[in-house]
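Everything below concerns the one structure shown next.
Number of protein chains: 2
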Amino acid sequence: MSEKAIPYKIYLEESEMPTSWYNMRADMKVKPAPLLNPGTHKPLTAEEMSGIFCEELVAQELDDTTAYIKIPDEIRNFYKMYRPSPLVRAYCLEQKLGTPAKIYYKFEGNNTSGSHKLNSAIAQAYYAKKQGLKGVTTETGAGQWGTALSMACAYFDLDCKVYMVKVSYEQKPFRREVMRTYGASVTPSPSETTDVGKKILAEHPGTTGSLGCAISEAVEVAVKNPGYRYVLGSVLNQVLLHQSVIGLETKAAMDKYGIKPDVIIGCAGGGSNLGGLIAPFMGEKLRGEADYRIIAVEPASCPSFTRGTYAYDFCDTGMICPLAKMYTLGSGFIPSANHAGGLRFHGMSTTLSQLYHDGYMEAVSAEQTSVFEAAEKFARIEGILPAPESSHAIKAAIDEALKCKETGEEKTILFGLTGTGYFDLVAYQKFNDGEMSDYIPSDEEIAAAVAKLPKVE
Amino acid sequence: MSEKAIPYKIYLEESEMPTSWYNMRADMKVKPAPLLNPGTHKPLTAEEMSGIFCEELVAQELDDTTAYIKIPDEIRNFYKMYRPSPLVRAYCLEQKLGTPAKIYYKFEGNNTSGSHKLNSAIAQAYYAKKQGLKGVTTETGAGQWGTALSMACAYFDLDCKVYMVKVSYEQKPFRREVMRTYGASVTPSPSETTDVGKKILAEHPGTTGSLGCAISEAVEVAVKNPGYRYVLGSVLNQVLLHQSVIGLETKAAMDKYGIKPDVIIGCAGGGSNLGGLIAPFMGEKLRGEADYRIIAVEPASCPSFTRGTYAYDFCDTGMICPLAKMYTLGSGFIPSANHAGGLRFHGMSTTLSQLYHDGYMEAVSAEQTSVFEAAEKFARIEGILPAPESSHAIKAAIDEALKCKETGEEKTILFGLTGTGYFDLVAYQKFNDGEMSDYIPSDEEIAAAVAKLPKVE
Numbered sequence: 116m117s118e119k120a121i122p123y124k125i126y127l128e129e130s131e132m133p134t135s136w137y138n139m140r141a142d143m144k145v146k147p148a149p150l151l152n153p154g155t156h157k158p159l160t161a162e163e164m165s166g167i168f169c170e171e172l173v174a175q176e177l178d179d180t181t182a183y184i185k186i187p188d189e190i191r192n193f194y195k196m197y198r199p200s201p202l203v204r205a206y207c208l209e210q211k212l213g214t215p216a217k218i219y220y221k222f223e224g225n226n227t228s229g230s231h232k233l234n235s236a237i238a239q240a241y242y243a244k245k246q247g248l249k250g251v252t253t254e255t256g257a258g259q260w261g262t263a264l265s266m267a268c269a270y271f272d273l274d275c276k277v278y279m280v281k282v283s284y285e286q287k288p289f290r291r292e293v294m295r296t297y298g299a300s301v302t303p304s305p306s307e308t309t310d311v312g313k314k315i316l317a318e319h320p321g322t323t324g325s326l327g328c329a330i331s332e333a334v335e336v337a338v339k340n341p342g343y344r345y346v347l348g349s350v351l352n353q354v355l356l357h358q359s360v361i362g363l364e365t366k367a368a369m370d371k372y373g374i375k376p377d378v379i380i381g382c383a384g385g386g387s388n389l390g391g392l393i394a395p396f397m398g399e400k401l402r403g404e405a406d407y408r409i410i411a412v413e414p415a416s417c418p419s420f421t422r423g424t425y426a427y428d429f430c431d432t433g434m435i436c437p438l439a440k441m442y443t444l445g446s447g448f449i450p451s452a453n454h455a456g457g458l459r460f461h462g463m464s465t466t467l468s469q470l471y472h473d474g475y476m477e478a479v480s481a482e483q484t485s486v487f488e489a490a491e492k493f494a495r496i497e498g499i500l501p502a503p504e505s506s507h508a509i510k511a512a513i514d515e516a517l518k519c520k521e522t523g524e525e526k527t528i529l530f531g532l533t534g535t536g537y538f539d540l541v542a543y544q545k546f547n548d549g550e551m552s553d554y555i556p557s558d559e560e561i562a563a564a565v566a567k568l569p570k571v572e
Numbered sequence: 116m117s118e119k120a121i122p123y124k125i126y127l128e129e130s131e132m133p134t135s136w137y138n139m140r141a142d143m144k145v146k147p148a149p150l151l152n153p154g155t156h157k158p159l160t161a162e163e164m165s166g167i168f169c170e171e172l173v174a175q176e177l178d179d180t181t182a183y184i185k186i187p188d189e190i191r192n193f194y195k196m197y198r199p200s201p202l203v204r205a206y207c208l209e210q211k212l213g214t215p216a217k218i219y220y221k222f223e224g225n226n227t228s229g230s231h232k233l234n235s236a237i238a239q240a241y242y243a244k245k246q247g248l249k250g251v252t253t254e255t256g257a258g259q260w261g262t263a264l265s266m267a268c269a270y271f272d273l274d275c276k277v278y279m280v281k282v283s284y285e286q287k288p289f290r291r292e293v294m295r296t297y298g299a300s301v302t303p304s305p306s307e308t309t310d311v312g313k314k315i316l317a318e319h320p321g322t323t324g325s326l327g328c329a330i331s332e333a334v335e336v337a338v339k340n341p342g343y344r345y346v347l348g349s350v351l352n353q354v355l356l357h358q359s360v361i362g363l364e365t366k367a368a369m370d371k372y373g374i375k376p377d378v379i380i381g382c383a384g385g386g387s388n389l390g391g392l393i394a395p396f397m398g399e400k401l402r403g404e405a406d407y408r409i410i411a412v413e414p415a416s417c418p419s420f421t422r423g424t425y426a427y428d429f430c431d432t433g434m435i436c437p438l439a440k441m442y443t444l445g446s447g448f449i450p451s452a453n454h455a456g457g458l459r460f461h462g463m464s465t466t467l468s469q470l471y472h473d474g475y476m477e478a479v480s481a482e483q484t485s486v487f488e489a490a491e492k493f494a495r496i497e498g499i500l501p502a503p504e505s506s507h508a509i510k511a512a513i514d515e516a517l518k519c520k521e522t523g524e525e526k527t528i529l530f531g532l533t534g535t536g537y538f539d540l541v542a543y544q545k546f547n548d549g550e551m552s553d554y555i556p557s558d559e560e561i562a563a564a565v566a567k568l569p570k571v572e
């Protein structure tokens, strides 16, 4: 098909939307290592997990052999309210950069949660409702996950308790109001409402919090309240499964127009967006059917892939969660208060960690001022104000496109634009005022946190 | 076509997007009254207008005979970055209301300006650039227009000076940062930077401002600075012309599926969204080809259609702008600080005023607490957090749908969802905290402002 036939935005028809999620693990020769019981260091059983997670989600978490899992109709109907999301050809950006590269992005920001997080939130809320639960608890960093979950819970009439990382709670007061408008309760973390929160506050008075702390608090509340379970917006296999809808739509849209990406780029905090975007492409790569360069982009202030250790670690700061084998900076690592709250997690998806370990993908890190420069450029050219998290992918995509300009290569670059920055204006204000700084942890800082990793044989 | 074939969201193909704007005035038997020179009370000439407005926009303003005006390719290319916008079938809302009515909404919020305003902003910036200007000045109420204009100016590399109604400037600090990120300068109005601002501040110390004040300031700056012109986001004929893209897309999408609306509803401040949405439908009505019920919804606190007078008045508070014949509360009327900043204008589009006067449309008003109740309901059911302005249309659409529930009529209701409420969280917070009140001006208050209308023969 000639290039002229490609519109600015490719929307699939409703009838072309995926009917199943895709589970990358089914095609991995080396499976991700299992979660371990933090006490016994034995693989966590479905029974043990079901005290924390909904039953069907436990099944999805443990299933590493079924490639396609049907999306229930109730979830597909909700998806139809804001999906399919557009695959955008960045004609204007290409032109301004003067690059021969062709740039595409899958835009997940056109919903009120402002990001891709809604894809898994609605699935998790559905299974909680199906199980007859009263409500769910969770943590949120930038607030995108909490907003998404509050929307999903409002739709299914479930109670929703959100622990929000304190620095984000303070930087993003309006996020709290969106969640309240959707009926959720929101508590800044660490808080005095949980035992683990009190302990963390005693040890680190004045901490601005982290995803790890907030997870500990939300899990404690779920375990102590009958009829509640804990839900998580990233890291877990089930989340990557739900997020595969991003990649499946992207691939269907690209196939329709005969487009094949050379490079696929996504930001990586816990890995949900990246894992979702790359899923069907990685599937082809794992099955030896096609090859793609796949790049994870993380903040230089929280560089789990590029400077972390591949080892078993706690997913939370309070060390009450299961152990996961992943690239980690240590669960005691508290990242600087950078503005990409959604990327401030010390670890990484076990699935992506195994794939990275096995050489199926690359990783780079970016400093936040350079990320905001890319974000502002993108906003002015493409008309979308991006989230700081998403802007890590923009930065890397622009870098790749500029390399093509030097070499003259006409590569096709695909990146995930996970969300909008409408609730990140405090950060943009700092950038606009020239008051934004970069923070890169020292080798000693990382070594000290990694030294405290649990000893697992 | 069977109802089942209608998807949740109807997106036109890029090739189906309108190539011309539609000018309702061409089909009006009684044309809107001309703008008058405020000194001579004679119809304003193109030459007089060209000191304030760009030349091609002056031509569009005065043209009441050409039905279709080609959309320049540069504007169409920009449109392709965020248009076509979806026409949404509100299946979930219908189900929750238990109404036999079929509800559709045209959603204009999926762009960073957060509203339909970008449709005219990009057109006005294009003509300014084409004329070789350095920059433009404008006012903004809720901030949607200012954001839209700053995006458009960034795209065409034009300077952009925005006067923002003080109450919105204070309630929406983050709007200012979006505009700054797009390179605009933003001044709260009334300000000390203009003669008219100083005068208004002297007469009304502590005023929270109004669109009328901000217009006066922006016009003054445009007239005093060579290479600058003033641009306006609503009220004017040229703006309604550009906004016709909303209605043209809506009608094309409906025609494609064989849908004919019985009732068409839009919020009305200056009239740009309503005038754009109804344009092609009103065209059919004016030509006697079809009939539709058309309803304007305005805030009870600023009820120009429902309680105003049809007469010549100033468009601005400073009384330096041309006189327009319109439904007006008087240019001295300063509306209460309600949260639908985009609807706080004392007057109304001359075109819509004439159509309303001639019985082609109806008008209702709504109090803001009932509007926010409708907004919250809509957000929870349809997954979109609406702007307070847009929520006036939601409120009226729900009322119509509930009437159908009583009568059993299967009416098709179409409304314009002009934008998102992501920058209106201060208002939502007040509503969530039960601290929102209603304000309805007294007859005496309106009579006092109307008594000061200019005397025009």
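As given, the protein sequences belong to chains A and B, one line each in that order. Each step along the first sequence adds one to the number in the numbering used here, with nothing skipped, and position 116 is 231. Each step along the second sequence adds one to the number in the numbering used here, with nothing skipped, and position 118 is 233. Think of the CB as a built atom: it goes at the ideal place given N, C-alpha and C, for glycine as much as any other residue. These numbers were taken from a predicted model, which means no experiment stands behind them.
is_contact[residue i, chain B] using C-beta, thresh 7 Å
{"i": "glycine 261 of chain A", "result": "no"}
{"i": "glutamate 129 of chain A", "result": "yes"}
{"i": "methionine 116 of chain A", "result": "At methionine 116 of chain A, the pLDDT of 43 sits below 50, so the modelled position is not reliable and the matter cannot be decided from this model."}
{"i": "lysine 89 of chain A", "result": "Lying before the first or after the last residue shown, residue 89 of chain A is absent from chain A, which here runs from 116 to 572."}
{"i": "tyrosine 537 of chain A", "result": "yes"}
{"i": "alanine 269 of chain A", "result": "yes"}
{"i": "asparagine 225 of chain A", "result": "yes"}
Residue-level contact to chain A via CB, residue i, 7 Å cutoff
{"i": "leucine 273 of chain B", "result": "no"}
{"i": "glutamine 483 of chain B", "result": "no"}
{"i": "isoleucine 125 of chain B", "result": "no"}
{"i": "threonine 533 of chain B", "result": "no"}
{"i": "threonine 466 of chain B", "result": "no"}
{"i": "glutamine 544 of chain B", "result": "yes"}
{"i": "asparagine 547 of chain B", "result": "yes"}
{"i": "isoleucine 449 of chain B", "result": "no"}
{"i": "leucine 444 of chain B", "result": "no"}
{"i": "phenylalanine 289 of chain B", "result": "yes"}
N-terminal and C-terminal residue of the alpha helix (DSSP H) that residue i is part of
{"i": "proline 303 of chain A", "result": "Taken as a continuous stretch (DSSP letters only), proline 303 of chain A belongs to no alpha helix (DSSP H), being part of the beta strand (DSSP E) at 300 to 304."}
{"i": "phenylalanine 420 of chain A", "result": "419 to 422"}
{"i": "alanine 562 of chain A", "result": "558 to 565"}
Continuous beta strand (DSSP E) stretch holding residue i: start and end
{"i": "valine 203 of chain A", "result": "202 to 204"}
{"i": "valine 378 of chain B", "result": "378 to 382"}
{"i": "glutamate 183 of chain A", "result": "The residue asked about is misnamed: residue 183 of chain A is tyrosine in this sequence, not glutamate. It spans 183 to 185 - the beta strand (DSSP E) in which tyrosine 183 of chain A sits, taken as one unbroken run."}
{"i": "methionine 279 of chain A", "result": "274 to 280"}
{"i": "threonine 432 of chain A", "result": "It is not in any beta strand (DSSP E) - threonine 432 of chain A carries neither H nor E in the DSSP assignment."}
{"i": "glycine 531 of chain A", "result": "527 to 532"}
Per DSSP, the bridge partner or partners of residue i
{"i": "isoleucine 449 of chain B", "result": "DSSP, once it has assigned bridges, lists no residue as partnering isoleucine 449 of chain B."}
{"i": "aspartate 548 of chain A", "result": "DSSP output for aspartate 548 of chain A lists no bridge partner at all."}
{"i": "proline 199 of chain A", "result": "Partner(s): none; proline 199 of chain A has no beta bridge."}
{"i": "tryptophan 136 of chain B", "result": "B:Ile184"}
{"i": "aspartate 370 of chain B", "result": "The partner list for aspartate 370 of chain B (beta bridge, DSSP) is empty, contrary to what the question assumes."}
Proximity test, residue i beta-carbon vs the ligand ZN heavy atom, cut-off 6 Å
{"i": "proline 395 of chain A", "result": "Absence of the ligand ZN from the depicted structure is noted, as is the absence of any ligand whatsoever, leaving it without description."}
Quick one: any contact between the region 204 to 213 of chain A and the region 273 to 283 of chain A, if contact means 3 or more CB pairs under 8 Å? Flag = no, the region 204 to 213 of chain A and the region 273 to 283 of chain A do not touch.
Continuous alpha helix (DSSP H) assignments of at least 4 residues falling wholly in the region 219 to 250 of chain B: Runs found: 233 to 245.
Between the region 128 to 145 of chain B and the region 192 to 200 of chain B, do three or more beta carbon pairs fall short of 8 Å? Contact between the region 128 to 145 of chain B and the region 192 to 200 of chain B is present: 3 or more CB-CB pairs across the two stretches fall below 8 Å.
Start-end ranges of the alpha helix (DSSP H) lying completely within the region 140 to 169 of chain A, minimum 4 residues: If we require 4 residues or more, the alpha helix (DSSP H) runs fully inside the region 140 to 169 of chain A come out as 161 to 164.
For the region 347 to 360 of chain A against the region 308 to 324 of chain A, are there 3 or more C-beta pairs whose distance is under 8 Å? Contact between the region 347 to 360 of chain A and the region 308 to 324 of chain A is absent: fewer than three C-beta pairs spanning the two stretches fall below 8 Å.
Quick check on the DSSP output: what are the complete beta strand (DSSP E) runs of length 3 or more inside the region 321 to 352 of chain A, in order along the chain? With a minimum length of 3 residues, the continuous beta strand (DSSP E) runs that stay inside the region 321 to 352 of chain A are 343 to 345.
Which ranges does the beta strand (DSSP E) cover as unbroken runs of at least 3 residues, wholly within the region 437 to 492 of chain B, from first to last along the chain? Those beta strand (DSSP E) runs which fall completely within the region 437 to 492 of chain B and span 3+ residues are 438 to 443 and 477 to 481.
Could you say if the region 141 to 152 of chain B and the region 462 to 476 of chain B meet the contact criterion of at least three C-beta pairs nearer than 8 Å? With a cut-off of 8 Å, the region 462 to 476 of chain B and the region 141 to 152 of chain B count as touching, because enough Cβ pairs lie within range.
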